[in-house]
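Below: one structure, written as structure tokens.
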Amino acid sequence: MTPSTMGFREPLKNLLQRLPAPAFWLGVWQLSAFLVDQRLEGRGNELLLPYPATVLASLTSLAGEAVFWESVAASLLRVLAGLAAGYCLGAALAALTCWSAWCDRLLSPAIRVVRAAPVASFILLVLLWTGRDTVPAVIAALMVLPVVWDSLSQGIRAADPKLLELGRAYRFSRGKLLTLLYLPSLRPYLLSALTTGTGLAWKSGVAAEVLCLPLPALGTQIYQTKYYLEIPDLFAWTAVTVALSLILERLLRCGARRWARGWPA
Amino acid sequence: MNLCTDLTVSYGGKAVLERFSLSVPGRGITLLRGPSGCGKTTLLRTLAGLEPPRGGHLALDPRETALLFQEDRLLPWRTARQQLADVLPRPRWEEIPALLEQVELTGAEDLFPSQLSGGMGRRLALARCLALPARLYLLDEPFAGVDSSRAARILERLAQLPAPVLLVSHESETAARAARIVELDGPPLSIL
């Protein structure tokens, strides 16, 4: 077997291993839509559960319109802005609450309240305080912040005390302590926060768009499908949101892995 | 060289060092020998500024010492070369090959700690300690896991360092090359 054949076979094997699960769920969807269709005797099963092919046709049709790409780009930017703000703020607060017990006593209850409060309450409050265009980013940041804070706080506290003592004995600067000791130790926590945070940012950001109706936005499109009972379009927009969330998560994880090459798994 | 006078260190109310004083020759190796748990490691850690003394006087600023810990404490995500570059100022990076040669690790520059044997890891930790500019080197069991012939050669090089070396070791070969041997007992630590 030549190396080039081996190089081709490996991705093919990976693909074949990953294919059965999505194929199974697609089959479940097709069968369910068929059963609904039978039950309604062809009288509008598209209002309850459209066939996958109908959703695909709807998605193809939507992708041909400029508003589709404008909505995708605008929502992506809002979610990315919220994710970045939530990540930076969460990381800064984690450092602050681990560094000072006084800051921990002051800030931790507030962060826990943000984590426990219903997202809808925040959406309405932020809508009153700011413009509708900024609400999704602010909400995404607010939802990501406690997750990042919690995960990174755990990571900072779990840093190896023997290595930290080494840093002290070998007179490492603060910058070296951060880059050589804390960041590599935090790697699994950073990646976990990234995965959970990305999903949360999309969910909360799109939910905020549904309630605030900024233009253009995926959430606004989802709201309109509900208003006009265009259920295949609802499925299509939801699929786009899920796909964007998964792609963004994968890209960010790849970027983080590349940045942290050589660090522990 | 006077290192400490009337040093007192205790853990949880129990004195490990009680009015302990020590001087070493200005160069060469001073070997500390004594039973396990008598306080040798605590003495080295106190001289390095990692244990706060309850009383007494440290003659040397702990920032002028370099301590080799009892464990390797290598950063798992850094190569051998990087471990040395982390403690050396940038203008001295050209010394890295010489430092690795001093502990017989030439050729291991790009290996991570997980790729080193126990003895190689110990020698890398020693090289990192020697990379620090210091007026006193404090070495806690530097040859644990290192074969005796290699340990003897490295010991010869340690004896040539411009700063004195205070060394804790249980290996009998070390005694032959020490400029001074201090027999200890304790706790509290005392010179026999």
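Top to bottom, those sequences are chains A and B. Numbering follows my numbering, in which position 37 of the first sequence is assigned residue number 37; successive positions increment by one, without gaps. Numbering follows my numbering, in which position 57 of the second sequence is assigned residue number 322; successive positions increment by one, without gaps. Every residue gets a Cβ at the ideal spot worked out from N, C-alpha and C, and that includes glycine.
CB contact below 8 Å: residue i versus chain B
i	result
P184/A	yes
G169/A	The question names Gly, but residue 169/A in the sequence shown is Ala. For A169/A, the answer is yes, since a Cβ of chain B falls inside 8 Å of its Cβ.
L180/A	yes
R250/A	no
L191/A	no
K176/A	yes
L152/A	no
A265/A	Any reading at A265/A needs caution, since the residue's pLDDT is 48, under 50, leaving its predicted position unreliable; the model's value is listed next. No, A265/A lies away from the interface with chain B (no Cβ there is under 8 Å from its Cβ).
L163/A	yes
L166/A	yes
R257/A	no
Bridge partners - residue i, DSSP secondary structure assignment
i	result
Y402/B	A331/B and V430/B
G320/B	T273/B
A280/B	S275/B
E46/A	E46/A pairs with nothing; no bridge assigned.
N14/A	Note: N14/A sits in no beta bridge, so no partner.
D450/B	S455/B
I294/B	V430/B
S288/B	N267/B
R480/B	The structure shown does not extend to residue 480/B, since chain B is modelled only from 266 through 457, so no value can be given for it.
Cutoff 8 Å: residue i Cβ touching any chain A Cβ
i	result
L336/B	Residue 336/B is actually Glu in this sequence, not Leu. Interface residue, yes.
W358/B	no
D405/B	no
D326/B	no
V433/B	no
D450/B	no
V430/B	no
V368/B	no
D271/B	no
L332/B	yes
A424/B	no
L268/B	no
V447/B	no
A280/B	no
L395/B	no
L376/B	no
Residue of the options minimising C-alpha distance to residue i
i	options	result
T26/A	P11/A, E10/A, L16/A and A53/A	Position check: residue 26/A holds Leu in this sequence, whereas Thr was assumed. If we check each option's Cα against that of L26/A, A53/A comes out closest.
G199/A	F235/A, V210/A, R253/A and L163/A	R253/A
P146/A	R257/A, A73/A, R132/A and C88/A	C88/A
G291/B	A313/B, H435/B and L401/B	L401/B
L191/A	A23/A, G167/A, L77/A and W149/A	W149/A
T225/A	N14/A, L48/A and G175/A	L48/A
G293/B	P453/B, P452/B and A441/B	A441/B
V433/B	A409/B, R422/B, P427/B and S382/B	A409/B
A280/B	L308/B, P300/B and S288/B	L308/B
I446/B	L287/B, S382/B and G372/B	L287/B
A158/A	R132/A, L186/A, L177/A and S173/A	L186/A
E329/B	S455/B, A444/B and A428/B	A428/B
L272/B	H322/B, P341/B, R310/B and E366/B	H322/B
V411/B	D326/B, G320/B, G386/B and L423/B	G386/B
C212/A	F8/A, L107/A and T130/A	T130/A
A120/A	G175/A, A208/A and A137/A	A208/A
D375/B	Q348/B, A331/B and T344/B	T344/B
L431/B	R310/B, P300/B, V274/B and R319/B	R310/B
L181/A	Q425/B, W342/B, L370/B and L423/B	W342/B
Sequence-distant residues of the same chain with beta carbon closer than 8 Å to residue i, five excluded per side
i	result
H435/B	R298 and E406
P453/B	A280, V281, L282, E283, F285 and G304
A324/B	M266, N267, L268, C269 and T270
R18/A	none
Own chain, CB closer than 7 Å to residue i, minus 5 neighbours either side, in chain order
i	result
A117/A	none
A390/B	L333, D337, R338 and L339
W358/B	A350
L83/A	A140, V144, G197, T198 and A201
Q335/B	T306, D405 and E406
A91/A	V148 and L152
E46/A	T54, I231 and P232
Y189/A	S151, L152, Q154 and G155
A66/A	none
Contacts around residue i, its chain only, beta-carbon distance under 6 Å, and the 5 residues preceding and following it disregarded
i	result
E438/B	S413 and A417
L457/B	E448 and D450
A265/A	Any reading at A265/A must be qualified, since the residue scores a pLDDT of 48, below 50, and its modelled position is unreliable; the value itself is stated next. None.
E260/B	Outside the shown range of chain B (266 to 457) lies residue 260/B, about which nothing can therefore be said.
L420/B	R442
Residue i beta carbon near the ligand ZN (any heavy atom closer than 7 Å)
i	result
Y227/A	Although the ligand ZN was asked about, the structure shown includes no ligands whatsoever.
contact_flag[the segment 58 to 76 of chain A, the segment 231 to 238 of chain A] where n(CB pairs < 8 Å) is 3 or more
yes
With three or more C-beta pairs closer than 8 Å as the rule, is the segment 312 to 323 of chain B touching the segment 159 to 170 of chain A?
yes
Touching by the beta-carbon criterion (3+ pairs, under 8 Å), the segment 205 to 218 of chain A and the segment 68 to 77 of chain A
yes
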